[in-house]
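UniProt numbering puts the sequence shown at residues 1 to 402. Ideal Cβ positions, reconstructed from N, Cα and C, are used throughout, including at glycine. Notes to accompany the following structure.
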Amino acid sequence: MENLNSAVDTLVHGSNTLFILMGAVMVLAMHAGFAFLEVGTVRLKNQVNALSKILSDFAISALAYFFVGYWIAYGVNFLQPAADLATENGYALVKFFFLLTFAAAIPAIISGGIAERARFGPQLCATALIVAFVYPFFEGLVWNANFGFQDWLKAQFGATFHDFAGSVVVHAFGGWLALAAVLLLGRRNGRYRDGRLVAFAPSNIPFLAAGSWTLIVGWFGFNVMSAQTLAGASGLVAVNSLLAMVGGTVAALLVGRNDPGFLHNGPLAGLVAICAGSDLMHPIGALVTGMVAGALFVWAFTATQVRWKIDDVLGVWPLHGLCGAWGGIACGIFGQQAMGGIGGVSLASQAIGTLLGVVLAFAGGLLVYGAIKAAVGIRLTQEQEYYGADLSIHKIGAMSHD
C-alpha cells in the first residue's frame, strides 16, 4: 500500500509538473507574438529594435524575477540545494517558470507603446525595476493574499478580488505602466503636424497578423494552464477564451470597418478581457465580454491617437490597460449566478481591485520612468529617431538589398 501511495504521488506530481511546464512554454511562445505584432506595426527602420527589445526584456525579466520579484510576490527563493528544488518533480521550479512568463509580459506590453523613440539601455533598466519590484508587489497582493488585502475585501464585500489569469494583474497593469511611459516619452517626431494626425502606416501586415495568431494560440496556455494543476484544468476556461476571442474579432471587424490592424487586435482585446473571469462565466457572458472589449479597443485607439494626441504606437493602453480593466469589472458582472456564471464574486471587490491595480501601475510607471528620465534620459535624439532605432542602436537594418 505504501508503494502504491508513493506511485500515485509521483504520478500526480509528475502530471502537474508537465501540465504547468506546457503552459509555460505556450506563454513563452506568446513573446514571439508580441515581437512580431510590434515588428509588423512599426516602420521598417525600427523592426530590428522591436525584435531586440522583446528578447532582451525577457532575459532581464527572468533575472529580476528569479532573484527578487518572485520572492517579493510569494516569499519563495531558490538559494537552496538542487536536491531540495527537485522535490515533487521540480514543480516549484516550473511554477516559477510559468509565472515568469506572465511577469515578462509586462515589459513586452510596454515595448509596443514606446516603440520607435525609446532608448534601449534605459528601457532595460526600467524592465529590471518593474519586474523586480513594481509588478510583484501587486501580484502578491492579489495572487498570494499579501498584506491582508484579499482578506479585507472578503470581510467587507463577501468575496475576494478574482482575477483567474491576469486581466488586471498582468494586462491592465502593463497597459497603465505603458501609458505613464508613453506620456513621459512624448510623441514621435512628425506624428502630428498643425494639430492633425499624420499616418505612419504599418510596415508589414503579414508580420502583424502572424504576431496576432501566435498570441491567440499561446493564450489558451495563458488561461487554461492558470489552473496550475491538471485536476484544475477546465474546458469552461478554454471555451470562454474561444468565444471571447471570437467576440472581440467580430466587434473589431464591424466597428473598425475592415481595417486589418483593428481586425487582428480585436481577438487580443477579447482575450485580455476574459482572463479574469474565464473560470466563472457562462460562454455567452464571455462572448459579450469579448465583443465589448473589441469595440472598446477600436474606439479607444482612435480617440487616443486622434482626439487626445497620445502617441501609443501599438495601442497597448487601449488594448491591455482599458480592456484589462473591463475584464476585471466584467468578471464581477457575468461571473454572478444571476448572469449564468458560477458565482462567488463581488462587483464591489472587482471594482476596488481593478482600481487599485490601475493606480499602482500608473504611479509605478511615473516613478520608474520619471526617475530614469531625470537621471539618464529615455528618448533617442532627433537625429537617431530620424534614421531609426535599427541603425542608431543596433547598427544594422532589417533587410539587406545586396
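For valine 255, the enclosing alpha helix (DSSP H) starts and ends at 235-255.
Between the C-alpha atoms of glutamine 337 and phenylalanine 164 there is a straight-line separation of about 17 Å. For the pair methionine 281 and proline 267, the CB atoms are not nearer than the 8 Å cut-off.
Of the candidates His31, Asn89, Val48 and Asn146, Asn146 places its Cα closest to the Cα of tyrosine 70. Rounded to the nearest angstrom, the gap between the Cα atoms of glycine 377 and glutamine 123 is 10 Å.
In this structure, cysteine 275 and glycine 166 form a Cβ contact; the two beta carbons are roughly 5 Å apart against a cut-off of 8 Å. DSSP places serine 61 in the uninterrupted alpha helix (DSSP H) bounded by 47-64. For leucine 184 and glycine 324, the gap between their C-alpha atoms comes out near 22 Å. For phenylalanine 222, the enclosing alpha helix (DSSP H) stretches over residues 205-224. Here the region 379-397 lies against the region 39-49, with 3 or more beta-carbon pairs under 8 Å apart. The beta carbons of glycine 256 and alanine 273 sit no closer together than 8 Å. The C-beta of histidine 401 has fewer than 16 other C-beta atoms within 10 Å across all chains shown, which makes the residue exposed.
Taking the CA atoms as reference points, threonine 381 sits about 44 Å from leucine 242. When secondary structure is reduced to three states using DSSP, alanine 201 falls in the coil class, being assigned neither helix nor strand. Counting only the Cα atoms, phenylalanine 222 lies some 6 Å from glycine 23.
The way I'd put it, the region 69-86 doesn't touch the region 222-239; fewer than three beta-carbon pairs between them come closer than 8 Å. Just so you know, the alpha carbons of threonine 160 and alanine 330 end up roughly 15 Å apart.
Short of 6 Å from the beta carbon of asparagine 204, and not among the five residues preceding or following it, lie these beta carbons of its own chain, in chain order: Gly40.
In this structure, leucine 177 sits near isoleucine 106, with a CB-CB distance shorter than 8 Å. The alpha-carbon separation between threonine 229 and tryptophan 143 amounts to approximately 15 Å. According to DSSP, arginine 193 shares a beta bridge with Arg196. The three-state secondary structure of arginine 119, taken from DSSP, is coil. For methionine 291, the enclosing alpha helix (DSSP H) begins and ends at 283-302. Taking the CA atoms as reference points, aspartate 57 sits about 43 Å from asparagine 5. Judged by beta-carbon spacing, alanine 104 lies within the 8 Å limit of histidine 31, meaning their Cβ atoms are closer than that value. Shown here, arginine 379 sits in a strand according to DSSP, grouped into three states. Residue environment for aspartate 279: buried (at least 16 other C-beta atoms within 10 angstroms of its C-beta). Here DSSP, grouped into helix, strand and coil, assigns alanine 104 to coil.
The C-alpha of leucine 37 lies about 7 Å from the C-alpha of alanine 210. Leu55 is the residue among Phe137, Gly195 and Leu55 whose C-alpha sits nearest the C-alpha of phenylalanine 120. Listed in chain order, the non-local C-beta contacts of leucine 100 below 8 Å within the same chain comprise Ala24, Ser61, Ala62, Tyr65, Phe66 and Tyr70, local neighbours out to five positions each way being set aside. Distance from the CA of glycine 344 to the CA of valine 170, rounded to the nearest whole angstrom, comes to 22 Å.
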